[in-house]
Amino acid sequence: YLYAVIGDKVYRVNTDKTYTQLTGSLSTTAGQIYMAANANDQIMIVDVEGRKGHYVSGTTVTQITDADFITPYGLAFQNGYGIVTERDTQRFWLSGLNDFVNWDGLDFGTAEYLPDDLIACISDHNELWMFGIKTTEPFRNTGASDFPFERINNVLQEIGIGAPPSLTQLDNSFYFLDPWGNVRRMQGYTPVIVSTPQIAYQLSRYATISDMKGFGYVHEGHSFLVLTSPSENETWCYDAATNFWHKRSSWPNAPDSRWRANCYAFFNNKHLVGDFELGKIYELDHELYEDDGNTIPAVRRGMMVSANRKTMFLNTFELHIQAGVGLATGSGSDPQIMFKRSKDGGHTWGNEKWRSMGKIGEYDKLLRWKRLGKAKTWIPEITITDPVNRVIIGAYLDGTIGTK
Numbered sequence: 063y064l065y066a067v068i069g070d071k072v073y074r075v076n077t078d079k080t081y082t083q084l085t086g087s088l089s090t091t092a093g094q095i096y097m098a099a100n101a102n103d104q105i106m107i108v109d110v111e112g113r114k115g116h117y118v119s120g121t122t123v124t125q126i127t128d129a130d131f132i133t134p135y136g137l138a139f140q141n142g143y144g145i146v147t148e149r150d151t152q153r154f155w156l157s158g159l160n161d162f163v164n165w166d167g168l169d170f171g172t173a174e175y176l177p178d179d180l181i182a183c184i185s186d187h188n189e190l191w192m193f194g195i196k197t198t199e200p201f202r203n204t205g206a207s208d209f210p211f212e213r214i215n216n217v218l219q220e221i222g223i224g225a226p227p228s229l230t231q232l233d234n235s236f237y238f239l240d241p242w243g244n245v246r247r248m249q250g251y252t253p254v255i256v257s258t259p260q261i262a263y264q265l266s267r268y269a270t271i272s273d274m275k276g277f278g279y280v281h282e283g284h285s286f287l288v289l290t291s292p293s294e295n296e297t298w299c300y301d302a303a304t305n306f307w308h309k310r311s312s313w314p315n316a317p318d319s320r321w322r323a324n325c326y327a328f329f330n331n332k333h334l335v336g337d338f339e340l341g342k343i344y345e346l347d348h349e350l351y352e353d354d355g356n357t358i359p360a361v362r363r364g365m366m367v368s369a370n371r372k373t374m375f376l377n378t379f380e381l382h383i384q385a386g387v388g389l390a391t392g393s394g395s396d397p398q399i400m401f402k403r404s405k406d407g408g409h410t411w412g413n414e415k416w417r418s419m420g421k422i423g424e425y426d427k428l429l430r431w432k433r434l435g436k437a438k439t440w441i442p443e444i445t446i447t448d449p450v451n452r453v454i455i456g457a458y459l460d461g462t463i464g465t466k
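Here's what the structure looks like:
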């Protein structure tokens, strides 16, 4: 089954897309939640804003009422244990073995390298990672009789997490956003920065980063890390195969608004995402160029071209694409591509200039724009809105450089 939380309700979805609303509910209708499953078909749900834990058994959602259960903040699962971090402390607690209902008041560990309350946790490669704002401490299950998890010394990190919901497993590791707005990938025991200085600058301008949430998925050899800021209404995506970043948005919302995809699951051999606002579940299909019925524009902006502030006389811009991708009929039968350029660092843009990408079979279609004028700086931008395959192979700019 696929389990989904929409508002304060929990739904169980079958492979044929039919679903059941479970009996019971959570204590809040919005905010971050975490989910885990054990070998006894129980699902645990931590409601961060509601400060409660719930479990699903069969078709019923029940609040955890064990007297020893604490106020939870983060959730992980490893070696049969549900593991929760306790809010405003450095402690983490274990459930009974494959039992999310019962909790022992003595089954807790402490991340005590520095005074730093725990705000996130994750299990990766059979190691348990505990995060504060200032530190990261890994633990390993040694099977000790008093408490099974012991800290792995000599690999402690004085780098914490800035956004607990950003913690995401992907690409045989995990990623997170640090308190300074850097996106990091854990490489062994070293948190390596994968964000560029430009991305870090954009994130540093946010009023808050603590609510940035992430998910990851793999498609056609590409591992995508998706990070969304609900408060800033913006979504960034990192492609681990190319180390390139891009933005994602949903139309007909504002062009720079967040992507509607809020969470992710791979279920029934399908990539599924949940809509943050409408409560819908979508299937990701990279051969479909619509977003819940709305057009998906593909926009690519090039880097700035300059010649040490000398005037450039620009003759021709040529774009190499996969041409002849037009559809048989209707929208996309003669797909178009739009080109425009900026001569002042992206502050203003020239007129839109359109060219055909080629109807079916026009594989040798040449895309060329001439007489581009003169400039000291130059930035190209192209946009495709037709529902056809968008493959950019390369670009060529011809011109001469003046003496001043």
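Just so you know, we're using the numbering used here here: the sequence shown kicks off at 63 and counts up by one. Just so it is clear, CB atoms sit at the ideal spot from N, CA and C, and this is done for glycine as well.
- Fully enclosed beta strand (DSSP E) runs of no fewer than 3 residues occupy 182-186, 189-193 and 198-203 of the region 166-208, in order along the chain.
- Q384 carries a coil assignment under DSSP once its states are collapsed to helix, strand and coil.
- Under the three-state reduction of DSSP output, S266 falls in the helix class.
- The straight-line gap separating the alpha-carbon atoms of V245 and T121 is approximately 38 Å.
- Nearest Cα to Q264 within the set Y344, G355, H308 and L159: H308.
- Classified as exposed, V453 has fewer than 16 neighbouring CB atoms from the shown chains inside 10 Å of its CB.
- Annotation for Q384: V453 place their beta carbon closer than 6 Å to its own, counting only its chain and skipping 5 residues before and after.
- Q260 carries a helical assignment under DSSP once its states are collapsed to helix, strand and coil.
- If you ignore the 5 residues before and after W298, its C-beta comes within less than 7 Å of the C-beta of I261, L289, W307 and K309, all in its own chain and listed in chain order.
- Counting of Cβ neighbours within 10 angstroms places M248 among the buried residues, the total reaching 16 or more.
- In the structure shown, P442 adopts extended strand secondary structure according to DSSP, grouped into three states.
- Approximately 7 Å separates the beta-carbon atoms of L287 and A302; this is inside 8 Å, confirming the contact.
- Rounded to whole angstroms, the gap between the alpha carbons of R371 and T465 is 10 Å.
- Going by beta carbons, G112 and T82 fall outside the 9 Å limit.
- The Cβ atoms of V256 and Y300 sit closer than 9 Å to each other.
- In this model, G194 and P200 are separated by some 12 Å (Cα to Cα).
- Residue range E296 to D301 is occupied by the beta strand (DSSP E) that includes D301.
- Contact check for L232 and G283: beta-carbon distance about 14 Å, past the 8 Å limit, so the pair fails to qualify.
- Put simply, the backbone Cα of P226 is about 7 Å away from that of S272.
- A direct Cα-to-Cα measurement between G336 and G69 gives close to 12 Å.
- Judged by beta-carbon spacing, F162 lies within the 9 Å limit of I126, meaning their Cβ atoms are closer than that value.
- Looking at the DSSP output, L232 shares a beta bridge with S235.
- Taken atom to atom, the span from the alpha-carbon of L88 to that of D109 is near 7 Å.
- 9 Å or more divides the Cβ of I214 from the Cβ of D240.
- In this structure, the CA atom of G205 is about 10 Å from the CA atom of N141.
- From the listed residues D208, W242 and T230, the smallest Cα separation to I221 is found for W242.
- Non-local C-beta neighbours of S266 in its own chain, meaning closer than 8 Å and more than five positions away in sequence, comprise W242 and G243, ordered along the chain.
- When the five nearest sequence neighbours on each side are left out, the beta carbons in the same chain lying within less than 7 Å of the beta carbon of I463 are those of A369, K372 and M374, in order along the chain.
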